[in-house]
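Visitor: Numbering (the numbering used here), first residue to last: 1 to 92. This is the structure, below, for whatever I ask next.
Here it is in structure tokens:
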């Protein structure tokens, strides 16, 4: 059972029932999830690496792969007649 003044805090925090109850709850939460900080660190690293991979894949697609979609092939005879102009390929 909690009573006022049951604990002496070094920083001068008043030892009320609500403060002590909060401390007990925080301690129980910490003991239940001791690996929380490690999992949070791994999650942040995973998100960072995923963002870097997504950015590099997007750049590779934009500058290497997407070029082939925009390529226009213009087929011409080996010796075009002189009266006809060169191939008028339109790029879209």
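Quick reminder that beta carbons are idealized off the backbone N, C-alpha and C, glycines included.
Which residues in the same chain have their Cβ closer than 7 Å to the Cβ of residue 7, if we skip the five residues on either side of it in sequence?
Guide: As a position in the chain shown, residue 7 is number 7, starting the count at 1. 15, 20, listed in sequence order.
Visitor: Does the beta-carbon distance from residue 17 to residue 4 come in below 8 Å?
Guide: Looking up residue 17 in the chain shown gives position 17. Looking up residue 4 in the chain shown gives position 4. Judged by beta-carbon spacing, residue 4 lies within the 8 Å limit of residue 17, meaning their Cβ atoms are closer than that value.
Visitor: Using the C-alpha atoms, what's the distance from residue 13 back to residue 41?
Guide: Reading the chain shown from its first residue, position 41 is the one you call residue 41. Reading the chain shown from its first residue, position 13 is the one you call residue 13. Going by the C-alpha atoms only, they are around 31 Å apart.
Visitor: Between the C-alpha atoms of residue 26 and residue 52, what's the straight-line distance to the nearest angstrom?
Guide: Residue 26 sits at position 26 when you count from the first residue of the chain shown. Residue 52 sits at position 52 when you count from the first residue of the chain shown. So the two alpha carbons sit approximately 36 Å from each other.
Visitor: Pull up the distance between the alpha-carbon of residue 32 and that of residue 46, whole angstroms please.
Guide: For the purposes of this step, residue 32 is taken as residue 32 along the chain shown, with counting starting at 1. For the purposes of this step, residue 46 is taken as residue 46 along the chain shown, with counting starting at 1. Approximately 24 Å, taken between the alpha carbons.
Visitor: Hey, which unbroken runs of the alpha helix (DSSP H) at 4 residues or more fall wholly within the region 54 to 80?
Guide: 66 to 70
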